[in-house]
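Visitor: Letter by letter, the first sequence follows residues 1199 to 1910 of my numbering.
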Amino acid sequence: MSIDFETELNDAQREAVQTTEGPVLVIAGAGSGKTRTIVYRLAHLVESGIDPAQILLLTFTKKAAQEMLARAEVILGRPLTGTSGGTFHSFAYATLRRNAADIGFNNGFTLMDRADSENICKEVKDVFKLGKGDRSYPRKSTLLDMITKSRNKELPIEIIMEREAYHLSPYLDDINEISNGYAQFKREHALMDYDDLLFLLDQLLEENAPLRNQLQTRYRYIMVDEYQDTNLVQARIVKHLAGSKGNVMAVGDDAQSIYAFRGANIANILDFPKIFEGTKIIRLEKNYRSVQPILDLTNEILAGAATKFDKHLYSDLKSDKLPEVVYPLSDQSQARLVVDQILTLQRKYMLHEIAVLFRAGYQSFPLEVALTRIGIDYQKFGGIRFHEAAHVKDVLSYLRLVLNPHDLLAWQRAMDHIKGVGPKTVAKIYKAMHSGDSKYLTTITKKHEDLRALFNELNTLRGLTPKPSMLLERIMSFYQPILIEKYPDDYPKRQAGLEQLSQIAVSYSDMEQFLGDLSLNGDPEDEKRKENSVVLSTVHSAKGLEWKAVIIIDLVEDRFPSRKAMQRAEDLEEERRLMYVACTRAKDCLKLFVPSSVYNRASGMSDPTLPSPFILELPNETFERLNESYGGGMEKRTRPETHPQLGTTRQQTHTESNTDTKNKKNTVKLGFCKHKIFGKGKIIAQPEPNKFKINFPGFGIKTIIGDYIEMI
DNA sequence: CTGCGCGCGATTTTT
DNA sequence: TCGCGCGCAG
1199 MSIDFETELN
1209 DAQREAVQTT
1219 EGPVLVIAGA
1229 GSGKTRTIVY
1239 RLAHLVESGI
1249 DPAQILLLTF
1259 TKKAAQEMLA
1269 RAEVILGRPL
1279 TGTSGGTFHS
1289 FAYATLRRNA
1299 ADIGFNNGFT
1309 LMDRADSENI
1319 CKEVKDVFKL
1329 GKGDRSYPRK
1339 STLLDMITKS
1349 RNKELPIEII
1359 MEREAYHLSP
1369 YLDDINEISN
1379 GYAQFKREHA
1389 LMDYDDLLFL
1399 LDQLLEENAP
1409 LRNQLQTRYR
1419 YIMVDEYQDT
1429 NLVQARIVKH
1439 LAGSKGNVMA
1449 VGDDAQSIYA
1459 FRGANIANIL
1469 DFPKIFEGTK
1479 IIRLEKNYRS
1489 VQPILDLTNE
1499 ILAGAATKFD
1509 KHLYSDLKSD
1519 KLPEVVYPLS
1529 DQSQARLVVD
1539 QILTLQRKYM
1549 LHEIAVLFRA
1559 GYQSFPLEVA
1569 LTRIGIDYQK
1579 FGGIRFHEAA
1589 HVKDVLSYLR
1599 LVLNPHDLLA
1609 WQRAMDHIKG
1619 VGPKTVAKIY
1629 KAMHSGDSKY
1639 LTTITKKHED
1649 LRALFNELNT
1659 LRGLTPKPSM
1669 LLERIMSFYQ
1679 PILIEKYPDD
1689 YPKRQAGLEQ
1699 LSQIAVSYSD
1709 MEQFLGDLSL
1719 NGDPEDEKRK
1729 ENSVVLSTVH
1739 SAKGLEWKAV
1749 IIIDLVEDRF
1759 PSRKAMQRAE
1769 DLEEERRLMY
1779 VACTRAKDCL
1789 KLFVPSSVYN
1799 RASGMSDPTL
1809 PSPFILELPN
1819 ETFERLNESY
1829 GGGMEKRTRP
1839 ETHPQLGTTR
1849 QQTHTESNTD
1859 TKNKKNTVKL
1869 GFCKHKIFGK
1879 GKIIAQPEPN
1889 KFKINFPGFG
1899 IKTIIGDYIE
1909 MI
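1) Less than 9 Å between the C-beta atoms of ASP1427 and PHE1289, yes or no?
2) How many Å lie between ASP1518 and THR1820 at the Cα?
3) Using DSSP bridges, identify the partner residues of TYR1525.
4) Among LYS1789, LEU1808, THR1235 and ILE1616, which has the Cα closest to the Cα of LEU1824?
5) Using 9 Å as the threshold, is the C-beta distance between LEU1515 and LYS1746 below it?
6) Mapping DSSP to helix, strand and coil, what is GLN1544?
7) For SER1562, I'd like the list of residues in its chain whose CB is within less than 6 Å of its CB, leaving aside the five on either flank, ordered along the chain.
8) What are the boundary residues of the beta strand (DSSP E) that GLU1908 is part of?
9) To which residues does DSSP link GLU1316 through a beta bridge?
10) In its own chain, which residues sit with a C-beta less than 7 Å from the C-beta of ILE1813, not counting the 5 before and 5 after it?
11) The beta strand (DSSP E) spanning ALA1226 covers which residue range?
12) Taking the C-alpha atoms as reference points, what is the distance between ALA1740 and PHE1579?
13) Helix, strand or coil for ALA1784, going by three-state DSSP, please let me know.
14) My guess is that ARG1783 and LEU1743 are in contact by the Cβ rule of under 8 Å, so how many angstroms apart are they, rounded?
15) Quick one: what's got a C-beta closer than 6 Å to ASN1350's C-beta in the same chain, skipping five residues either side?
16) Could you give the residue range of the alpha helix (DSSP H) that holds SER1970?
17) Drop a sphere of 10 angstroms on the beta-carbon of PRO1621, count the other beta-carbons inside from all chains shown, and report buried for 16 or more, exposed for fewer.
18) Rounded to a whole number of angstroms, what is the C-alpha to C-alpha distance between ARG1534 and LEU1493?
19) For VAL1704, is the classification buried or exposed, using 16 other Cβ atoms within 10 angstroms of its Cβ as the cut-off for buried?
20) Under the assumption that VAL1489 contacts SER1513 (Cβ atoms under 8 Å), give the Cβ distance between them as a whole number of angstroms.
21) My guess is that ASP1451 and ALA1228 are in contact by the Cβ rule of under 8 Å, so how many angstroms apart are they, rounded?
22) Going by the DSSP bridge assignment, what does GLU1994 pair with across the sheet?
23) Where ASP1314 and ALA1381 are concerned, what is the direct C-alpha to C-alpha distance, given to the nearest angstrom?
24) Locate the beta strand (DSSP E) running through PHE1289, then write down its first and last residues.
25) Going straight from the alpha carbon of PRO1838 to that of GLU1822, what length do you get?
26) Near LEU1389, what residues of its chain come up, given a Cβ to Cβ distance below 6 Å and the 5 sequence neighbours on each side ignored?
27) Taking the beta carbon of GLU1771 as the centre, do at least 16 other beta carbons fall within 10 Å, making it buried, or is it exposed?
28) Could you tell me the boundaries of the beta strand (DSSP E) in which VAL1792 lies?
29) Quick test of the definition: if touching needs 3 or more C-beta pairs under 8 Å, does the region 1235-1250 touch the region 1262-1273?
30) Starting from LYS1691 and walking both ways along the alpha helix (DSSP H), at which residues does that stretch end?
31) Run through DSSP, which three-state label would LEU1328 get?
32) Hey, would you say LEU1482 sits closer than 9 Å to LYS1232, going by beta carbons?
33) Quick check: the region 1402-1411 against the region 1216-1228, are there 3 or more CB pairs under 8 Å?
34) Count the CB pairs spanning the region 1691-1701 and the region 1663-1674 that are closer than 8 Å, and state whether there are at least three.
35) Hey, which unbroken runs of the beta strand (DSSP E) at 3 residues or more fall wholly within the region 1456-1539?
36) On the three-state DSSP scale, how would you describe GLY1877?
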C-alpha cells in the first residue's frame, strides 16, 4: 500500500515532503499544514527505504514530537523503530549522558530545575556575603534571570541589564560575581541547568570530532520544528549535527516567534540559507485550520505590527459567524460568562475541543474556581508543574542521592525534616562525607536519631537493584511519616500524587532516564489529553495546538499585553505575535473577553481597565461586540459603537513604542532589493542605518537588517 | 545554629 | 494574599 501524496498534499507541501536531499527551509504560516508536512515527510523517507533510525526530529515540546511520530506510523501502517524525536534539551540530555566523561563529568551529573538553580544563586550570594541587610537587593529569581538570559542571548550581563533591567545597574558587579560563583558551584557538585545541556552539547560536538562524525552519519535526515524559536546555541547544534552538506529541514514562521525572552533569535531562520549553502526555500501560505472570518481578524492583528509581519493567510473554510468581542463588567463576571459560554459551546463541541487561553498562569484562577463549582472538568497547561511540587521533590531527592552523592541540594532537601539540623549543619556533614571525616559523622548521627535512619536508608537503597519503581516503593514507605508530619493539612492529596509518580516509574528501567525525563517533560498528567475536560492554557503552552473553539480572557492593558512587556518597542511586538498565536489556534469559533475591571491584589479592590491595544485596533467589521448587561446577561450591540477611548489612550500609552509613525517622516530612499526568503521587494523606509522596511509581494511589509538583502 | 514571627514587596512566558 | 528574607530568641 502506497501513500497518495498527490491528493493528500498541496503543491508546496508536496515539494517540502519530496525534497529530501540537501538543506530545506519551510516558511509555514499558522495552520498551513506544517505538522502534516513533517508527518508526511517522515513517512515518505521511510517508504523510500531510509532506515527510520537515521531520522532525527527536533521539536519544541515532547508532545509535538510524539504526535508527529505517531501520525507518521498511522500513515505508514507500521512502527517507526529507532527514530529519534524530542526537544533539543532532551536530545542533549541523552547525548551528554552517554558521553559524560568527555566533558569532565566522570561520575555522571544531575539535572537541576529552576528552583535548584535559584537556591544555588542564593547560596553563592550568602557565601560571598553580598547584599547583607540590603532590603532592595535583587531576589534570587531576578539574579538567575539575569544569568540565564545573558547565557541564552550570549551577551554580557551588563548588556542585558542595560536593555531590560536598568534599575539593577548598581548590582552589576555583584551579579557578575554571583554568576561566576554559580558556574563554579555547578561544576563542583556535578550539576547542570537547562542552559548547560545545550552549551555542553555544543562544546562536545565542537571538540569531539569522532563523535560529531558518528552522529552526522547516524542522523542522515534532520528536521527541526519551530525554527524561529531557536537560539544561537541551538542553531550551532543543528549545524554540527547536519554537517556542511547535510540533509536538514528547518520549519518555522517568523510571525509566531514568541520566545525572545529565552534567547530565541529571529536571525537564525533568516540566516539559515546563509549557513547551509544551496538551501531550497518553500513557503506554505494556504491555511487549513480556521474559517475565513477568524483569519480576517488575525490578519488585522499582524497588520498593526510595527514590523508588519503580514502574511495574509487565506482559507477555503467559510463561516457567516464573526468572532466575538465580549465586555464583561469585571473579571469575576468574566469567569461566570466564560462558564456560560462553555456550557453553550458544549452542545456543539466536545469539551476537549474547547480551550480558554490567557497570558499568564494566574489569570485562570477565578475561572478554575467557577468551573470546579459547576462541576466541569478542566485540564491546565502551563502552571505549577507536578515535579515542582515540594513532596515530589522530597522523594526525588533520595533517588538523586543514590545516583549522585555530591548532590548538595538533594542532601539539603533530604535532611530538611530532621529537627535541629539546618543549612549549616548540612554543609558540615557534606564536607565531612567528602573529606572522609568519619569522626564528625559518628558524633552527629549519635546526636540525631533521624539522621542515622536516613543514612541507613540511603545505604540500603544503594545496595538494591537500581530500578526506579523498586527504589521508589521503598522510599515511599520511608517517607510516609515525614509526609504526614510536614503536610498535615493535605497529605492525602500529596500521597495520591506520589502514587502517580510510582505509576510513571514502572515504565522506566533506567534511573537517570527517569529523573531526566521528569525534569524535562513537566507534568506527566499533561501527556494524556483528557477526553472530557476543557483545556486551560497559557498562550505559550498552546503553541502548535488547535481547538474548534477558543476563548481568550483578560484582554486588557497590563495583562495582555503583560505590564512587564511594555518597556521596549520589541516587547510589545512580541506580545502582538503572542496575540496572533493565540487567535490562530481557533478553527471555528473565537471569543475575546475584555473585562471592564479586574481585581487588584495590592489594593484588594477592583480597578477599572483599559481594553488591550490589540482589541482597540481591530476594525469594527471584523467582529461582533457583546456587552454584559447590568442584569448579568449579554447584550448585543447591533450598531458597533467605536471603542471607548480609542485614539487618545493609544497615543498616550504607546507613543514611545510606536516607532512606525515617527519614521514615516524620513521616508526618502526608494528602490528594489532581493531577499533570500521573501524574494523581490520594494524598499519603503530606512528606520535605522542598517535596517530597511521592505514590501514583499505576498508577504507584506517587513523590517529587515541590511545584511540580509541584496540591492537591485 | 535553628526556628519562628514579622513586614515588605511583588505578580510573564519555558526547557 | 502569599512568599521571601531578615532579625531575634532560645
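We treat Cβ as the ideally placed atom computed from N, Cα and C, and that holds for glycine.
For clarity, every value in this text was computed on a predicted model and none was experimentally measured.
Guide: Quick answer:
1) no
2) 12 Å
3) ASN1825
4) LYS1789
5) no
6) coil
7) PHE1556 and LEU1734
8) 1907-1909
9) According to DSSP, GLU1316 bridges with nothing at all.
10) VAL1523, LEU1753, LEU1790 and VAL1792
11) 1222-1226
12) 8 Å
13) strand
14) 6 Å
15) ASN1429, ARG1460 and GLY1461
16) Outside the displayed span of the chain (1199 to 1910) sits residue 1970, for which this structure offers no information.
17) exposed
18) 28 Å
19) exposed
20) 7 Å
21) 6 Å
22) Within the shown structure, residues of the chain are numbered from 1199 to 1910, placing residue 1994 beyond reach of any answer.
23) 13 Å
24) Careful: PHE1289 lies outside any beta strand (DSSP E), inside the alpha helix (DSSP H) at 1286-1296.
25) Any answer about PRO1838 is weak, because its pLDDT of 42 lies below 50 and its placement is not dependable; what the coordinates show is given next. Taking the straight line joining both Cα atoms gives about 7 Å.
26) THR1308 and MET1310
27) buried
28) Where VAL1792 is concerned, there is no enclosing beta strand (DSSP E), given that its DSSP letter is neither H nor E.
29) yes
30) 1689-1704
31) coil
32) yes
33) no
34) yes
35) 1478-1482 and 1522-1525
36) strand
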